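Protein sequence lines, in the order shown, are assigned to chains R and H. In case it helps, the UniProt record's numbering puts the first sequence at residues 1 to 407. In case it helps, the UniProt record's numbering puts the second sequence at residues 1 to 407. Quick reminder that beta carbons are idealized off the backbone N, C-alpha and C, glycines included. What you are looking at is a predicted structure, and each value in this text was computed from that prediction instead of being measured. Take a look at the structure set out below.
Number of protein chains: 2
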Amino acid sequence: MISRPASRPVRSADDYRDTIEQLLRPLAARPVEYVTVAEALGRQLAEDQHAPIDLPVFRNSAMDGYAVRAQDVAVTPVTLPSTGVVAAGDTGREALVPGTARKVMTGAPLPAGADCVIPVEDTTADTSSVQITRGRSAGEFVREPGSDIRAGAGLVSAATMLAPRHIAALAAAGLARIPVFAPVRAVVISTGNELVAAGTALRPGQIYNSNGIALAAALTANGVEVAGVEHSGDEPAEFRRLLHSATAAADLVITTGGVSKGDFEVVREVLIPLGGDFGSVAMQPGGPQGLTVVDGVPVLSFPGNPVSAVVSFEVLARPILRHLSGLGPVPEYELPLLGAVRRSPEGRRQFLRGRLVCNGARPHAVEVVSGPGSHLVASMAAADVLIDIPAAVTELPPGATVRVWTL
Amino acid sequence: MISRPASRPVRSADDYRDTIEQLLRPLAARPVEYVTVAEALGRQLAEDQHAPIDLPVFRNSAMDGYAVRAQDVAVTPVTLPSTGVVAAGDTGREALVPGTARKVMTGAPLPAGADCVIPVEDTTADTSSVQITRGRSAGEFVREPGSDIRAGAGLVSAATMLAPRHIAALAAAGLARIPVFAPVRAVVISTGNELVAAGTALRPGQIYNSNGIALAAALTANGVEVAGVEHSGDEPAEFRRLLHSATAAADLVITTGGVSKGDFEVVREVLIPLGGDFGSVAMQPGGPQGLTVVDGVPVLSFPGNPVSAVVSFEVLARPILRHLSGLGPVPEYELPLLGAVRRSPEGRRQFLRGRLVCNGARPHAVEVVSGPGSHLVASMAAADVLIDIPAAVTELPPGATVRVWTL
Numbered sequence: 001m002i003s004r005p006a007s008r009p010v011r012s013a014d015d016y017r018d019t020i021e022q023l024l025r026p027l028a029a030r031p032v033e034y035v036t037v038a039e040a041l042g043r044q045l046a047e048d049q050h051a052p053i054d055l056p057v058f059r060n061s062a063m064d065g066y067a068v069r070a071q072d073v074a075v076t077p078v079t080l081p082s083t084g085v086v087a088a089g090d091t092g093r094e095a096l097v098p099g100t101a102r103k104v105m106t107g108a109p110l111p112a113g114a115d116c117v118i119p120v121e122d123t124t125a126d127t128s129s130v131q132i133t134r135g136r137s138a139g140e141f142v143r144e145p146g147s148d149i150r151a152g153a154g155l156v157s158a159a160t161m162l163a164p165r166h167i168a169a170l171a172a173a174g175l176a177r178i179p180v181f182a183p184v185r186a187v188v189i190s191t192g193n194e195l196v197a198a199g200t201a202l203r204p205g206q207i208y209n210s211n212g213i214a215l216a217a218a219l220t221a222n223g224v225e226v227a228g229v230e231h232s233g234d235e236p237a238e239f240r241r242l243l244h245s246a247t248a249a250a251d252l253v254i255t256t257g258g259v260s261k262g263d264f265e266v267v268r269e270v271l272i273p274l275g276g277d278f279g280s281v282a283m284q285p286g287g288p289q290g291l292t293v294v295d296g297v298p299v300l301s302f303p304g305n306p307v308s309a310v311v312s313f314e315v316l317a318r319p320i321l322r323h324l325s326g327l328g329p330v331p332e333y334e335l336p337l338l339g340a341v342r343r344s345p346e347g348r349r350q351f352l353r354g355r356l357v358c359n360g361a362r363p364h365a366v367e368v369v370s371g372p373g374s375h376l377v378a379s380m381a382a383a384d385v386l387i388d389i390p391a392a393v394t395e396l397p398p399g400a401t402v403r404v405w406t407l
Numbered sequence: 001m002i003s004r005p006a007s008r009p010v011r012s013a014d015d016y017r018d019t020i021e022q023l024l025r026p027l028a029a030r031p032v033e034y035v036t037v038a039e040a041l042g043r044q045l046a047e048d049q050h051a052p053i054d055l056p057v058f059r060n061s062a063m064d065g066y067a068v069r070a071q072d073v074a075v076t077p078v079t080l081p082s083t084g085v086v087a088a089g090d091t092g093r094e095a096l097v098p099g100t101a102r103k104v105m106t107g108a109p110l111p112a113g114a115d116c117v118i119p120v121e122d123t124t125a126d127t128s129s130v131q132i133t134r135g136r137s138a139g140e141f142v143r144e145p146g147s148d149i150r151a152g153a154g155l156v157s158a159a160t161m162l163a164p165r166h167i168a169a170l171a172a173a174g175l176a177r178i179p180v181f182a183p184v185r186a187v188v189i190s191t192g193n194e195l196v197a198a199g200t201a202l203r204p205g206q207i208y209n210s211n212g213i214a215l216a217a218a219l220t221a222n223g224v225e226v227a228g229v230e231h232s233g234d235e236p237a238e239f240r241r242l243l244h245s246a247t248a249a250a251d252l253v254i255t256t257g258g259v260s261k262g263d264f265e266v267v268r269e270v271l272i273p274l275g276g277d278f279g280s281v282a283m284q285p286g287g288p289q290g291l292t293v294v295d296g297v298p299v300l301s302f303p304g305n306p307v308s309a310v311v312s313f314e315v316l317a318r319p320i321l322r323h324l325s326g327l328g329p330v331p332e333y334e335l336p337l338l339g340a341v342r343r344s345p346e347g348r349r350q351f352l353r354g355r356l357v358c359n360g361a362r363p364h365a366v367e368v369v370s371g372p373g374s375h376l377v378a379s380m381a382a383a384d385v386l387i388d389i390p391a392a393v394t395e396l397p398p399g400a401t402v403r404v405w406t407l
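Have a look at this one:
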């Protein structure tokens, strides 16, 4: 049995999240790694990238057709001698003789002296000449060097989360390796003598360990690299050993279990002497919470009930981690409630599991899919949102507008 | 030079996508692989999963507190002899003697004979007895076996794209390995003598090869596994060799370049004799398109301009591949246009690159960020949507409502 240090008074979920946010703020300054552009999808660019060359690099044809001088095709139809062909990849160094045409392929360099391209559709050719049925002005179907971007101009800005369109632009500019921020690296330590791994038969009193796997998935889905998923029994020595290994390997440690008012609270027992700030947050599920800095690394201690652990992550960590990783905010909606919420605890903000009711892709209402119990983890699989019931609200009629967060 | 087989008449983008969809339909029946639940994030479940056990497995306490019989605490305050403590993970096999209390931790098995739990907050205890200040009804703070899910009940349905909440439920039920569909596997072959890899200095007429890297990123971002990214010059023998290697390795091949009306169209030259259906689709960019089945594998042939290749993917392939991979539809909006579209080609549906203008997270308008040229790949980095201008529309005033697709 452990002594019970005085807990902090009850805090609101928003206040507590602000405290976590301040503690995690230094994680914004992460080391820079170099990766190839091909590996950079979903990574966050660390420095502004500029075009090292003009794009297009050289004046080229926008069509398959004939390079001519516009003045030579001002009156049509006209037949011009046709000399040679420039394919994409050719150097195109031979200048066009005035009064002649030269066949050019899309992307091929325009011969010096030519100022427009007649699309092949507007021509009929034999081996040595081409008849042109429609003239074009100077510049038509010609791509000028630098008309997409000039050498030295900004191509993709620092902090951008690299999507396929950014990858396309970086590759087209010929960039080979680019600097990206290292991801936030986290270790999850679930605690509890009662937890056993999947694939083992349960003995009386045991349950399967889901928190490690579930939080690792949630971290991964939000841009965090999972550097380890560990399990500790309720022995302080074991937890302490795993804790210090975790702080050596990660920017952030998340623990589950061992935070409430019971007698075998290994997380509180080890972390409070290290300065841990443990107490109640006015939310349900997820009330008992702890926050410690160990070896310079923030340690978030979530409750051990599977739903409490996942909701703690969603409410207290996910928005911060998405922001740190350069991902967009969690999608939120305000929607009418199908059915009533008959009872919500006064003074505690409640997060009910809900399901969007959609017309096509557009949600138009939300329904509660599971009871409030923090053990209802199977039921949570059917939910796609959390319904946020403010602390002061104790019941809601059908049709009441509620705020929901996408899971 | 190659002969020019008759091309199909111009088709609409929707008709052509329907043709591709029919060709890709067999990819819905992909092989099943077994992965651990921990590896299953983002994979598509292949078979309905049922709970192999009741959850909770055993009757347990929802609170840290005292297990009692409700009838023994009907009148409070009351002091009961307190015998022992049940921690989470204990077997909890010793029955409660009527008229006594036993300390129980959250998640610990409820002793037989007890029917409710008094939260520790409503008690004061010494070593051998506990004073209870508030009674509870039978069932309060007790989690009944199977109250979350019954053994045999449906836990997660086939075809579900596994999110963290599904992972949590599958892990809590103790499932170790689960069947998921193999991803669609694709190989990209970019073609063109003019293309060189990043990191090489450009010689006259050369450009950097971006299509392979960009399409690989787009495929990855839409649930497709990229089994190879190749580059072929304009020699038919080289392209043919890479093509057959690709069909041996993948469910789908995408080629870029070599599809238009030029003289060195290696893709058309090799694929038309194999039954390739090449022709014009009434869209810009992305007009020239080809579709072939080689060695039983669908081959989509996109144009080689970098923007044309990416827009072809977005319009013609992405919605189908997302559906096949179990991902949601591409987000679409209808939004007012900032500024005018002065000129759009009649008879061709145009996809302009645009940027959402947002109030907070909510888009309220869209602006065009780049000209229509299919070489403007750097400019495309600034776009986050495609603006869909119907074929019949040739100009749009500021404020006109347009349909946009998220990139």
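Where residue 408 of chain H meets chain R, residues with beta-carbon distance less than 7 Å:
The requested residue 408 of chain H does not occur in the structure, where chain H is confined to residues 1 to 407.
Beta strand (DSSP E) segments (min. 3 residues) lying fully within the stretch 317–347 of chain H:
332–338
Short of 8 Å in beta carbon distance, which residues of its chain neighbour H:V259, apart from the five on each side in sequence? Order them along the chain.
Closer than 8 Å at Cβ, skipping near neighbours: E265, V267, R268, F278, P288, Q289, G290, S301, F302, P303, G304.
Please confirm whether H:L155 has its beta-carbon closer than 8 Å to some beta-carbon of chain R.
Interface with chain R (8 Å Cβ-Cβ cutoff): H:L155 is included.
Residue interval of the beta strand (DSSP E) (run including R:A227)
225–232
For the stretch 58–131 of chain R, which segments carrying the alpha helix (DSSP H) assignment without a break, of at least 4 residues, lie completely within its bounds, in sequence order?
none
Among H:D48, H:R348, H:P336, H:A101, which one has its Cα closest to the Cα of H:P363?
The residue with the shortest Cα to Cα distance from H:P363 is H:P336.
Cβ contact (3+ pairs, closer than 8 Å) linking the stretch 226–246 of chain R and the stretch 174–193 of chain R:
yes
Run through chain R and tell me which residues come within less than 9 Å of H:N193, C-beta to C-beta.
Simply A87, A88, G89, D90.
Reduced DSSP secondary structure (H/G/I, E/B, other) of R:F351:
strand
Could you give the DSSP three-state label for R:N305: helix, strand or coil?
coil
Taking DSSP as the reference, what is the three-state secondary structure of H:T247?
helix
Excluding the 5 residues flanking H:A74 on each side, which residues of the same chain have their C-beta closer than 7 Å to its C-beta?
G135
Does any residue of chain H have a CB that is nearer than 8 Å to the CB of R:A6?
Residue placement at R:A6 is flagged as unreliable, the pLDDT there being 44, under the threshold of 50; the coordinate-derived value follows with that caveat. By this cut-off, R:A6 is not an interface position.
Exposed or buried, which one is H:R349 when buried takes at least 16 other CB atoms within 10 Å?
buried
Using 8 Å as the threshold, is the C-beta distance between R:I320 and R:E21 below it?
yes
Per DSSP, which one or two residues make a beta bridge with H:A365?
Beta-bridge partners assigned by DSSP to H:A365: H:V357.
Tell me whether the stretch 45–55 of chain H and the stretch 156–169 of chain H touch, counting them as touching only if at least three CB pairs, one residue from each stretch, are closer than 8 Å.
yes
If you draw a straight line from the alpha carbon of R:A382 to that of H:G275, how long is it in whole angstroms?
CA-to-CA, the gap between R:A382 and H:G275 works out to about 47 Å.
Sort H:E225, H:V156, H:V35 by Cα distance to H:V253 and report the nearest one.
H:E225
Identify whether R:R4 lies in helix, strand or coil by the three-state DSSP scheme.
With a pLDDT of 43 at R:R4, under the threshold of 50, the modelled position of that residue is not reliable, and no figure is offered here.
Kindly indicate if chain R contains any beta-carbon less than 8 Å away from that of H:T106.
Cβ-Cβ to chain R under 8 Å: yes for H:T106.
Neighbour-count burial assignment, H:C358, 16 or more Cβ in a 10 Å radius
exposed
Have a look at the DSSP bridge pairing and note the partners of H:Q289.
H:G279
Can you name the start and end residues of the alpha helix (DSSP H) that H:D15 belongs to?
13–24
Going along the chain, which residues of its own chain have a beta-carbon closer than 7 Å to the beta-carbon of H:S280, five neighbours each way excluded?
The residues are S7, V10, G287, P288.
For the stretch 145–179 of chain R, enumerate the residues whose C-beta is nearer than 9 Å to any C-beta of chain H, in chain order.
So the list reads S147, D148, I149, A153, L155, V156, T160, L162, A163, P164, R165, H166, I167, A168, A169, L170, A171, A172, A173, G174, L175, A176, R177, given in the order they occur along the chain.
CA-to-CA distance, H:L45 to residue 408 of chain H, given in whole angstroms:
For chain H, the structure presents residues 1 to 407; residue 408 of chain H sits outside this window and is missing.
For the stretch 271–288 of chain H, which residues have a CB atom closer than 8 Å to at least one CB atom of chain R, in sequence order?
none
One question on the structure: do R:P398 and R:G326 come within less than 8 Å of each other, judged by their Cβ atoms?
no
H:G257 versus R:V156: straight-line alpha-carbon distance, rounded
26 Å
Expressed to the nearest angstrom, what Euclidean distance is found between the alpha-carbon atoms of H:V315 and R:V385?
30 Å
Give a yes or no on whether the minimum CB-CB distance between R:S137 and chain H is below 8 Å.
no
Does R:I2 get closer than 8 Å to chain H when you measure Cβ to Cβ?
Confidence at R:I2 is low in this model, with a pLDDT of 39, below 50, so the placement of that residue should be treated as unreliable; the coordinate-derived value is given next. So, not an interface residue.
Quick one: list the residues of chain B neighbouring R:F58, beta-carbon separation under 8 Å, in chain order.
Protein chains in the displayed structure are R and H, and chain B is not among them.
Applying the criterion that 16 or more other CB atoms from any shown protein chain within 10 Å of the CB defines a buried residue, is H:V120 buried or exposed?
Label assigned to H:V120: buried.
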